[in-house]
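Enquirer: In my numbering, the protein residues as written are 1 to 123. We put the CB at the ideal spot given by N, CA and C, even for glycine. Structure incoming, see below.
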Ligand SMILES: Nc1ncnc2c1ncn2[C@@H]1O[C@H](COP(=O)(O)OP(=O)(O)OP(=O)(O)O)[C@@H](O)[C@H]1O
Ligand SMILES: [Mg+2]
């Protein structure tokens, strides 16, 4: 992927600055810049293998960029582990707990975050 520009309010929820990522000889992200404004919904569209999931994994922190930075709400989180980024990611291939009901799967994250039962149900 090359470069993408966002639009909307002035505050960025997510910002990628000059991210470079390669796997072996395969350069997947070639210095991409991406801004996602507060409240903006952004879709990454492109052929299979173009780097959409790699980009999401950089934002979530499951992959580190070889060069470049990831910022969330103005903070540089490039070196921050996924569990400290306060983000949710739904994987392309769903990872559901087979022993739990749909409700239990959906409320699991909220439960971990100690959200009360009534609030879990509402949300
Ligand atoms: N962990 C990895 N090790 C080696 N190569 C990888 C790894 N992850 C992704 N790749 C390669 O990086 C490239 C981009 O993969 P990515 O999964 O980001 O593509 P995508 O745009 O999400 O594709 P799709 O539309 O199929 O989901 C592909 O060539 C893929 O084979
Ligand atoms: Mg993908």
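Is there contact between the region 52-60 and the region 24-44, where contact requires at least three CB pairs shorter than 8 Å?
Expert: Verdict: yes, contact present.
Enquirer: Rounded to whole angstroms, what's the CA-CA distance from residue 38 to residue 11? Just pull it up for me.
Expert: Between residue 38 and residue 11, the C-alpha separation is close to 6 Å.
Enquirer: Leaving out five residues before and five after residue 80 in sequence, what residues of the same chain have Cβ atoms less than 7 Å from its Cβ?
Expert: Contacts found: 61.
Enquirer: Is it the case that the CB of residue 46 approaches a heavy atom of ligand 1 more closely than 7 Å?
Expert: It does: the Cβ of residue 46 is within 7 Å (strictly closer) of some heavy atom of ligand 1.
Enquirer: Does the distance between the C-beta of residue 95 and the nearest non-hydrogen atom of ligand 1 fall short of 7 Å?
Expert: No, since every heavy atom of ligand 1 falls outside the 7 Å radius drawn around the Cβ of residue 95.
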